[in-house]
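Report on the following structure.
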Ligand SMILES: [Mg+2]
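Residue numbers (the numbering used here): 15 to 285.
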C-alpha cells in the first residue's frame, strides 16, 4: 500500500484516540474490516481508546454492551456521551442547582448517579437541559418552553438534526432546538456535544492529556472533524462512513482533517 505520511505523523503524536462509532468502527451491527485486531494493536502500543458520541438518548453502559458484543471494547476503554459532558458542565457551572431535564430515563439515571438534583417539573427548577429525548411529550415541551421564556439557563446536550438509523433518520435534539426557538425565541446558551468545545474540554480534563496528543477519528467532517479542530486535537477522517473520497478536496478549512484514511484499520501499519 502507498505510504500515508500525514497518517504516520498523526499516529506518532497520538496518545489518545477519540473514536466516533457508526461509520468509524462499525456500520450498523457490522465491525469495519478487522477492527477488533486494529483496536487491540492500538491498546498494545500503549495508546488509549475513548468512544465519543453525541447521542444522549442512551447511557454509556448501553454503548459498552454493543461494543463488547462486536468485540470492540476492552475494560481499559472508555465511552463518553454528550449527556456526560452536560452533567460535567452542570457540576462545574451550576453545582447544586435543580435541573429540569428533557431526556430519556437512561439520561436521567446518569445525571442522578452523577449527583445532579433533578426536578420532575419546571416549577422550582433553575436550569433547563435538553437531550435527545426519544420519550418526548407535549407536556415536556410546554414545561421547558416555560423555563426558556422565563430566561432560565438553557443547555443542550448536542444539536444533531437527525439521528443515523435504518431507513428514514428520525428527528434528534437539533430539531427539538428549532421547535423551541420558534416557541420561545431562545437558542441554547451552551451546546455540549460535537462539534462544540464543552465535550472536548471535559474529555481532556478527565483524561489528563494535552489536546495536542489527542486525535479525533470520525466519518462526518462537519461534526467529528470540526470537533477536533475546535478543540485543538489532531483529526483523522475515515472514508468508511458518510464522506466520500471526492468530497475531501472541497471541505471548508474547519472540516479539513490532519489525515485521511480509507478506514481506521489503515493506522495499524503506523502503530
Ligand atoms: Mg459516524
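Quick reminder that beta carbons are idealized off the backbone N, C-alpha and C, glycines included.
Please read these numbers as outputs of a predicted model, since none were measured by experiment.
**Asked** What are the boundary residues of the beta strand (DSSP E) that includes residue 286?
**Response** In this structure the chain extends from 15 to 285, so residue 286 is not present and cannot be described.
**Pair within 9 Å by beta-carbon distance, residue 252 and residue 275** = Here residue 252 corresponds to residue number 238 of the chain shown, with the count starting at 1. Here residue 275 corresponds to residue number 261 of the chain shown, with the count starting at 1. At a Cβ-Cβ threshold of 9 Å, residue 252 and residue 275 count as neighbours.
**Prompt:** Given that a residue counts as buried once 16 or more other Cβ atoms are within 10 Å of its Cβ, and exposed if not, what is residue 72?
**Reply:** Residue mapping note: residue 72 aligns to position 58 of the chain shown, counting from 1. That one is buried.
**Request:** Over the uninterrupted beta strand (DSSP E) stretch that includes residue 230, give me the two end residues.
**Result:** As a working note, residue 230 is residue 216 in the chain shown. Run containing residue 230: 228–232, per the beta strand (DSSP E) assignment.
**Request:** Check the C-beta distance from residue 99 over to residue 216 and give it rounded, since I have them as a contact under 8 Å.
**Result:** Here the question's residue 99 lines up with position 85 in the chain shown. Here the question's residue 216 lines up with position 202 in the chain shown. About 5 Å; that satisfies the 8 Å criterion.
**Asked** At a cut-off of 8 Å, is residue 276 close to ligand 1 when judged by its beta-carbon and the heavy atoms of the ligand?
**Response** Here residue 276 is taken as the residue at index 262 of the chain shown, counted from 1. For ligand 1, not one heavy atom lies less than 8 Å from the Cβ of residue 276.
**Among 26, 37 and 74, the one whose alpha carbon lies nearest that of residue 56** = Counting from 1 along the chain shown, the entry for residue 56 is found at position 42. It is 26.
**Item:** DSSP-derived helix/strand/coil call for residue 111
**Value:** Counting from 1 along the chain shown, the entry for residue 111 is found at position 97. Coil, per DSSP.
**Prompt:** Thinking C-alpha only, which one of 273, 242 and 262 is nearest residue 34?
**Reply:** For the purposes of this step, residue 34 is identified with residue 20 of the chain shown, where counting begins at 1. Considering only alpha carbons, the answer is 242.
**Message:** For ligand 1, I want to know if residue 246 counts as a neighbour, meaning its beta carbon is within less than 8 Å of at least one of the ligand's heavy atoms.
**Reply:** In the chain shown, the residue the question calls residue 246 occupies position 232. No.
**Span of the beta strand (DSSP E), counted from its first residue to its last, around residue 187** = Residue numbering aside, residue 187 sits at position 173 when the chain shown is read from its first letter. First-last for residue 187: 187–198, but that is the alpha helix (DSSP H), not the beta strand (DSSP E).
**Asked** Quick one: is the Cβ of residue 256 within less than 8 Å of any heavy atom of ligand 1?
**Response** Here residue 256 refers to the residue found at position 242 when the chain shown is read from its first residue. Taking non-hydrogen atoms of ligand 1 into account, the C-beta of residue 256 is found less than 8 Å away from one of them.
**Message:** I'd like the ranges of any beta strand (DSSP E) spanning at least 3 consecutive residues and lying wholly in the stretch 64–140.
**Reply:** Taking only runs of at least 3 residues, the beta strand (DSSP E) segments lying wholly in the stretch 64–140 are 92–95 and 113–116.
**Prompt:** So, residue 94 versus residue 74, is the Cβ gap smaller than 9 Å?
**Reply:** By one-based count along the chain shown, residue 94 stands at place 80. By one-based count along the chain shown, residue 74 stands at place 60. In this structure, residue 74 lies closer than 9 Å to residue 94 by Cβ.
**Request:** Note down, in chain order, each residue of its chain lying with its Cβ closer than 6 Å to the Cβ of residue 163, except the 5 sequence neighbours on either side.
**Result:** Reading the chain shown from its first residue, position 149 is the one you call residue 163. Only 198 meet the Cβ criterion.
**Message:** Tell me the rounded alpha-carbon separation between residue 285 and residue 78.
**Reply:** One-based indexing of the chain shown puts residue 285 at position 271. One-based indexing of the chain shown puts residue 78 at position 64. Rounded to the nearest angstrom, the two C-alpha atoms are 24 Å apart.
**Asked** Under the criterion of a Cβ to heavy atom distance below 8 Å, does residue 48 qualify as lining ligand 2?
**Response** The ligand content of the structure shown is limited to ligand 1, which means ligand 2 is not among them.
**Request:** Ignoring anything shorter than 3 residues or poking outside the stretch 248–273, list the beta strand (DSSP E) runs there in chain order.
**Result:** Every beta strand (DSSP E) of 3 residues or more that sits fully in the stretch 248–273 is shown, in chain order, as 248–252.
**Request:** Please name the residue or residues paired with residue 44 in a DSSP beta bridge.
**Result:** Your numbering for residue 44 matches position 30 in the chain shown. Beta-bridge partners assigned by DSSP to residue 44: 41.
**Prompt:** Say the cut is 8 Å; is the CB of residue 38 nearer than that to a heavy atom of ligand 1?
**Reply:** Counted from its first residue, the chain shown places residue 38 at position 24. Flag set: Cβ of residue 38 near ligand 1.
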